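Contents: one structure, followed by commentary.
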Amino acid sequence: MSGCIFCAIAAGEADADVVAEGDSWVAFRDLDPAAPSHVLIVPRRHVTSVDDLGVDDVGMAGELMLACREVATRERLKDGYRVLTNVGSDGGQAVHHLHIHVLGGRPMEWPPG
Ligand code: AMP
Ligand code: ZN
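Take the position in the sequence shown, starting the count at 1, then add 791; the result is the number in the numbering used here.
And the structure:
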């Protein structure tokens, strides 16, 4: 989608520290990391959020879940990690292209703010 920074990263048209990629997704380091390892996984196709997924996206959504595990393995997050995605304004979503945060390298707290 024109003007979307994560579409531009997924297309290789904007800079990012890419750590892994698959046919339907790209994983890159968060610019403002909230943990020693903080990676974002985005679908190559523009989808606004989980709220925008349809039955045709079931395969892609599953690939995003498996990508979380691949990223965690590459980042050596052997003691565990957190997988989360923010949806809409109450969810705290700042970038309106679906992205999954994979955070690790320190113990996570619960509940989040
Ligand atoms: P969210 O609040 O879930 O929408 O999170 C958006 C995340 O994207 C934040 O953690 C930002 O630091 C991160 N971010 C925004 N722009 C970029 C970018 N160009 N490259 C990498 N991370 C980004
Ligand atoms: Zn996009």
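Don't be surprised by glycine CBs; every beta carbon is placed ideally from N, CA and C. Keep in mind it's a predicted model, so treat the numbers as computed, not measured.
Between the stretch 815–823 and the stretch 873–886, do at least 3 Cβ pairs fall closer than 8 Å?
Counting Cβ pairs under 8 Å, fewer than three are found: no touch.
Applying the criterion that 16 or more other CB atoms from any shown protein chain within 10 Å of the CB defines a buried residue, is Arg873 buried or exposed?
Taking the first residue of the sequence shown as position 1, residue 873 is located at position 82. Per the 10 Å Cβ criterion, buried.
With burial defined as no fewer than 16 other Cβ atoms inside 10 Å of the residue's Cβ, what is the status of Ser828: buried or exposed?
Locating residue 828 in the sequence shown gives position 37, where the first residue counts as 1. So Ser828 counts as buried.
Taking the runs of the alpha helix (DSSP H) that are 4 residues or longer, which of them lie wholly in the stretch 806–847?
Restricting attention to alpha helix (DSSP H) runs no shorter than 4 residues, the stretch 806–847 encloses none.
Which residues end up in the neighbourhood of the ligand ZN when you take C-beta atoms closer than 7 Å to any of its heavy atoms?
Output, sorted by chain position: Met792, Cys795, Phe797, Cys798, His837, His888.
With a threshold of 16 other CB atoms inside 10 Å of the CB of Pro824, please say whether the residue is buried or exposed.
Against the sequence shown, residue 824 aligns to sequence position 33. Classification of Pro824: exposed, given that the 10 Å Cβ count is below 16.
For Glu765, is the classification buried or exposed, using 16 other Cβ atoms within 10 angstroms of its Cβ as the cut-off for buried?
No information on residue 765 is available, as it lies outside the stretch 792 to 904 that the chain covers here.
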